[in-house]
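Going by mature numbering (1 follows the signal peptide of the UniProt record, and there is no 0), the letters in the sequence shown line up with residues -18 to -1, 1 to 528, in that order.
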Amino acid sequence: MLAVVLASFVLLQPSAQAVGQQPQPPVGEFTADRCVGATALDPATAVEFDLLRVWGQRLAEYNEGNVVPLYNSFGDNDPDTSAPVCGVRFVEGTGPVSEWMYCTDARNEVCAGTTAEGEIAQGSTPIPGYVWLDGNERLTREQETVIAHILTHEMAVTIENTGYFSSTASDADVSTRATRQQLVWCVSDLDLLAGDPAAAEFCAQNMGPEQQAAILAQVPEEAVLEVAATSTEPVMAGETAEITVTTNVLEQPIVLSSTGTGADQATVAVCEGPGSITDGILTVSGTDPSSPVTITLCVTGPAGSQVSLELSAESASMQHITWSSSPGTDAIACQVFATFETTQAGPVVGSAQVSFAEAIATGSFQLAKQVTGDAAAQVAADTSFTVSYSVDGQPAGQLEVLADGTPTAVTDLPEGATVTLVETGLPVIADINWGEPVFVIDGIETDTFTVAGDAVAQVELTNTASTVVTVTESPSESASTPTTETTAPAGDSPTTSSATTGTGGSLADTGAGSAASLISAAGGLLAAGLVGLALARRRRLQGQSL
């Protein structure tokens, strides 16, 4: 008769489990839940009593914090059955948890039966309840890790003739559980299976040394799954929110789920990093679990939505196998049950939340430069002018525009905002003076406008370029200007009159100073003329007297 060691695992255990947790206060008789997955028979009616009932010795063992076997994979109480077996144990904060327990030693008795009086038995022989053990000396740490992976991941297998088995290893039904059990035995009892050619071939194809090494390469010492939104600020509807995921759960399924308002309309995609999403399953690529990999998810959602994205992964690294067994009797050596103590609540989980605000209408403006004036042709086409702008009185930015009229645009301005434009930099060009800048916005001369949603304000900035006029003084004529000397009559002082145009190199006189000089010169000429006339008259009179 083939006897077994059963490995026990809670697939989605909802809270942390410590070995030997006891309900406080002790509970009374109750009906346990079925383990996940279908059975050929209903355990509540398969035999003369309900196999889900926890009473008698079963109840005493449960209150002591031990695992209590309920029924086999078929749903009945056959003492000669093969693994796995459904068992129940107490989990603090949750209560009774039912789980499938898989064999890890094919040489001992099952010891998973129950008598009509609620006693744990092997066949019809009552046996002591289970006690916790320090470990299973038969298995290495690597073997335990591979078995944990098998029991936490649905796996496809290659098999020519399924028969009693399935092409999938899982807890779904009798056949898939038998396939999963066979994979476990490929790890724990390969020497025993080697005598069966079909079993040996199954192990070689599906759980040989290469497959086990690949599993070990994927399993980190401690699973990491960190999820965070890159910003806590709402994202405008129509735009993309980003969530970073850092994990060392590599080449293994990570389940994505979204909740919250608008979650049914949200989309999630990998936008950066080595990952892919298929049917709600994220797979992150990598070969070294000691080096976590970071990817970026891009999320979109409708206006007004708040989407919570949760990522969940089953990783063998978070499971620790613990062992328990009935001492049996002198004639009965019982199997060791391997149970998994989960080090944190449920599978490794990470989550982040993003929100999408109502889209705000925006507008823009487009500014082009025009240069006019008599010196416009001297301004090169690539000459740059600087214009600053403020939004609702707050400095918002600046832009450069070219003299050739190429327009420059500013976008994404909130609807209803007031924009003010100021030209803050004029290029320095020799012999050119700049006039005051003139802004014309949508045909109106102004430097301020109100942003209209989904509209583009057309702004024209005109600068007048004028030629600088330079006035220079003629060279000094003082050296060539004759000096007129007249000898005054006796008793009169000689009068000297001279006219000059100023010192050489100086600017011409202008204004009142120039007029005074002209009047002074004219007065001198008039005086000289009068003197000459008097002298001529005197000579005539002297001539007459001779």
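Even glycine gets a Cβ: it sits at the ideal position worked out from N, Cα and C.
These numbers come from a predicted model, not from an experiment.
query	result
Inter-residue spacing [alpha-carbon to alpha-carbon] between Glu292 and Arg89	43 Å
Per-residue DSSP class, three states only, for Val49	coil
Beta-carbon contacts of Pro471 that lie in its chain and below 6 Å, excluding the five residues immediately before and after	Only weak support is given to the placement of Pro471: the predicted model assigns it a pLDDT of 45, under 50, and the value that follows is read from those uncertain coordinates. Contacts found: none.
Collapsed DSSP secondary structure at Ser479 in the structure displayed	At Ser479, the pLDDT of 40 sits below 50, so the modelled position is not reliable; the number obtained from the coordinates is stated separately. Three-state DSSP puts Ser479 in a strand.
Gln380 beta carbon less than 8 Å from that of Ser337	no
CB contact flag (Pro78, Val70, <8 Å)	yes
First and last residue of the uninterrupted beta strand (DSSP E) at Gln440	438 to 449
Start-to-end residues for the alpha helix (DSSP H) that takes in His174	Here residue 174 turns out to be Leu, not His, going by the sequence shown. 172 to 175 is the extent of the alpha helix (DSSP H) around Leu174.
As assigned by DSSP and simplified to three states, the class of Cys168	helix
Nearest neighbour of Cys253, chosen from Ala245, Asp270, Gly268, Ala223 [CA to CA]	Ala223
Given Asp58 as reference, the closest of Asp270, Gly38, Cys280, Arg16 once Cα atoms are compared	Arg16
Presumed contact (8 Å Cβ cut-off) between residue 532 and Gly375, rounded CB distance	In the structure as shown, the chain begins at -18 and stops at 528. Residue 532 is therefore absent and cannot be evaluated.
Leu52 beta carbon less than 8 Å from that of Pro8	no
Through-space distance from Ile132 to Leu165, alpha-carbon basis	7 Å
Element boundaries [beta strand (DSSP E), containing Val70]	67 to 73
Burial state of Ala285 (16 or more Cβ within 10 Å)	exposed
Bounding residues of the alpha helix (DSSP H) (the contiguous stretch that carries Thr228)	Looking at the DSSP string, Thr228 is not in any alpha helix (DSSP H); the run it does join, the beta strand (DSSP E), is 223 to 229.
Same chain, Cβ closer than 8 Å to Gly2, neighbours up to 5 away in sequence not counted	Glu46, Gly47, Asn48, Trp114
Reduced DSSP secondary structure (H/G/I, E/B, other) of Arg35	strand
Range of the contiguous alpha helix (DSSP H) that encloses Glu204	Careful: Glu204 lies outside any alpha helix (DSSP H) and carries neither H nor E.
Rounded C-alpha distance that separates Cys168 from Cys316	21 Å
Beta bridge counterpart(s) of Cys17 as assigned by DSSP	Partner(s): none; Cys17 has no beta bridge.
DSSP three-state assignment for Gly2, whether helix, strand or coil	coil
Minimum C-alpha distance to Thr449 - residue among Leu395, Ala357, Ala350, Ile259	Ala357
Rounded straight-line distance, which links the Cα of Ala138 to that of Asp155	15 Å
Beta-carbon gap between Val227 and Leu174 smaller than 8 Å	no
Distance between Ala219 and residue 570 (C-alpha atoms, nearest Å)	Residue 570 lies beyond the residue range present for the chain, which begins at -18 and ends at 528; the question has no answer from this structure.
contact_flag[the region 245 to 259, the region 194 to 201] where n(CB pairs < 8 Å) is 3 or more	no
Closest Cα partner of Pro66 within the set Glu442, Val73, Cys85	Cys85
Assigned secondary structure, Gln348 (DSSP; H/G/I helix, E/B strand, else coil)	strand
Whole-number beta carbon distance between Val420 and Phe347, since they are thought to touch under 8 Å	Contact flag wrong, Cβ pair sits at about 16 Å.
The region 304 to 311 / the region 99 to 116 touching (three or more Cβ pairs under 8 Å)	yes
Beta-bridge partners of Thr354, as assigned by DSSP	Thr446
Nearest neighbour of Asp171, chosen from Glu136, Thr134, Ala151, Glu126 [CA to CA]	Glu126
Straight-line Cα distance separating Pro216 from Ser148	48 Å
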